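For the sequence shown, position 38 matches number 40 in the working numbering, and the numbering has no gaps at all.
Here a beta-carbon is modelled for each residue, glycine too, at the ideal position from N, C-alpha and C.
Since the model is a prediction, treat every value here as computed from it, not as a measurement.
As structure tokens, the structure follows; a few thoughts come after it.
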Amino acid sequence: MRTSIKIKRQFIPRPEKRPAELKSSEADEEPPGRSYTSADPEEPPGKTAANRHRFFEHIPDALWNDWRWHFRNRITTVDQLAEFIPLSKEEQAQLKLVTMRYPLSITPYYLSLIDPDNPDDPIKKQAVPSSLEITMGTIGQEDPLAEKEDSVVPGLVHRYPDRALMVLTDICPMLCRHCTRKREWRHGGWVRNESEIEAMLEYLRRNSGIKDVILSGGDPLMLSNRRLESIISRIREIRHIEIIRIGTRFPVVLPQRIDEELCAALSKHGPIWLNTHFNHPRELTPQAAEVCDRLLRSGVPVNNQSVLLRGVNDSVETQLKLCQGLLRIKVRPYYLFQCDEVQGTEHLRTPVETGIKIIEGMRGHTSGLAIPTFVIDLPQGGGKVPLQPNYVLSQTGKELLLRNYQGNLYHYRNPGEQAYPDLAATAGLFRESGSPLEVKGAEDADRVVVRS
Ligand code: SF4
């Protein structure tokens, strides 16, 4: 039973100091904060960082807009968390055990999106640990995608012939409870050093089949702008690499990071695509919209890869709101992932049928642009498999029986393999005079007769 507890809800910032995890001199070079766009008081709850003024009203805008301040003041202990979210003594004791295995990290910005009074809050479920991470913790695997096996040099995963993944750090501003790389959390924060980066680049230079490089982590935007640009510019010098992609959740959990300086750096080295990870419509705040727009204006297209999570976004209604909201901020809903079978995430996983039903419920009820591809990332590195409702009820060589989103049935003539009459047979039909052919209309459903 939940006991009544008194919540202080007054945030005490930590003393200003360098983040311990950033071991290089980069912390000194990190960007100034951007100006703050005040939340419209008439916005509905949840659409803005509604709890900023409830929890952080004494924090000056200059600090609130500084991503380094948020990083330094992440909520990383259960005692800190209990100052904002109602937790009984028993729950606190359980969560302390959970965090010994799976640590906790929430940015003040993301915390401000949580409704602390709703035990089933979908934002909270992504950020706040659950005792189920341990009680169901033997289900699944630590590394179901076998990422370690495909590492060709430390930090470089080369699984597909034309693509490679550079893991630049294991640090993330927030630790998402559904993370596929949860196994890495207890190894502490690291950033690849220069010799490791150079070894990865050398591999890329020697493998001309690689056309597409994905910067990943952790979160690669944990690196300073200077370091990131140094890496990106060296990738750009490799002539056979066409595309650079960045996988980051910063636009969702700490949009302050996407400042003008970063966007100016990215704009010099395109084509760069950025894939981010919005899971719920309440994450689409004005701040998030602003930085996605900033990226787009810098020539960086933004795609969204969400993860289907129980109690977070596992309904048609929520997915419609999320994906239509993404289109409104000009972000393309790209993938909806079935949650990987990672240990410590089972309580958030849904049956595969849920994802298929969601896609079915969206199709026909919104623009096709708003419908992501539902995929399973196969175990043992088998790659992504798209899944969708079955609209083909029967099929022969000549005809398909299809159903539409309303359940109505339609016959569809199948043109077959050979779309045109045999060219050799028709060659003799040409007159030497070269007069144009007369094409007679189809005499039956499958044939076009050509005669001179
Ligand atoms: S941002 Fe991505 S890598 Fe980092 S904890 Fe969240 S899901 Fe994992």
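At least one heavy atom of the ligand SF4 lies closer than 8 Å to the C-beta of Thr182. When the beta-carbon positions are compared, Leu106 and Ile77 come within less than 9 Å of each other. For Met168, the pairing in a beta bridge is given by DSSP as Leu158, Leu217. Relative to the non-hydrogen atoms of the ligand SF4, the Cβ of Arg251 comes within a distance shorter than 8 Å of at least one. From the listed residues Trp192, Ile125, Lys184, the smallest Cα separation to Pro156 is found for Trp192.
The secondary-structure analysis by DSSP pairs Tyr412 across a beta bridge with Leu404. With fewer than 16 other Cβ atoms inside 10 Å of its own Cβ, Pro273 counts as exposed. Using a cutoff of 8 Å, the CB of Gly220 counts as near the ligand SF4, since one of the ligand's heavy atoms is closer than that. Pro381 sits in a helix when the DSSP states are folded into three classes. Contact annotation: the region 305-315 does not touch the region 145-163, with fewer than three C-beta pairs closer than 8 Å. Look at His282: its beta carbon is at least 8 Å from all of the heavy atoms in the ligand SF4. For the region 346-400, the full-length beta strand (DSSP E) segments reaching 3 residues or more read 375-380, 385-389, 394-397 along the chain.
A check of alpha carbon separations from Arg251 across Cys181, Ile233, Ser300 identifies Cys181 as the nearest.
In the DSSP assignment, Thr278 falls outside any alpha helix (DSSP H) and lies within the beta strand (DSSP E) extending over 274-278.
Around the beta-carbon of Arg241, fewer than 16 other beta-carbon atoms lie within 10 Å, marking it exposed. One Cα belongs to Gln397, the other to Glu419, and the distance between them is close to 14 Å.
Here Leu403 has Leu395, Ser396, Leu411, His413 as same chain residues with Cβ atoms under 7 Å from its own Cβ, once five neighbours each way along the sequence are excluded. Look at Asn75 here: in three-state DSSP terms it is coil, with no helix or strand label. The Cβ-Cβ distance between Ile260 and Met176 does not fall below 9 Å. Beyond the five residues adjoining it in sequence on each side, Gln345 comes within less than 8 Å, by CB distance, of Gly139, Thr140, Ile141, Gly142, Gln143, Glu144, Lys184, Arg185 in the same chain, given in chain order.
Judged by DSSP in its simplified three-state form, Phe86 adopts coil rather than helix or strand. Judged by DSSP secondary structure, Phe58 falls outside any beta strand (DSSP E); it is assigned neither H nor E. In this structure, His189 has its CB at a distance of at least 8 Å from all heavy atoms of the ligand SF4. Looking only at Cys294, Val169, Leu89, the smallest Cα-Cα distance to Pro253 is reached by Cys294. Under the three-state reduction of DSSP, Asn227 is assigned to helix.
Spanning the alpha carbons of Gln128 and Pro417 requires a straight line of approximately 49 Å.
Pairing Tyr104 with Trp187 gives a Cβ-Cβ distance under 9 Å. Secondary structure note for Gln307: it is in no alpha helix (DSSP H), and the uninterrupted beta strand (DSSP E) holding it is 304-310. In the structure shown, the three-state DSSP call for Leu256 is coil. As computed with DSSP, Leu338 is found in a beta bridge with Ser308, Phe376. When DSSP reads this structure, Val344 sits in a beta bridge with Gln143. With a cut-off of 8 Å, the C-beta of Met364 is classified as distant from the ligand SF4, since no heavy atom of the ligand falls inside that distance. Taking Asp122 as the centre and dropping the five residues before and after it, the same chain places the C-beta of Gly313 closer than 7 Å to its C-beta, in chain order. The beta carbon of Ile358 sits closer than 8 Å to those of Phe376, Leu389, Gln390, Pro391, all from its chain and outside the five residues before and after it, given in chain order.
Fewer than three pairs of CB atoms, one per stretch, sit closer than 8 Å, so the region 198-206 makes no contact with the region 354-368.
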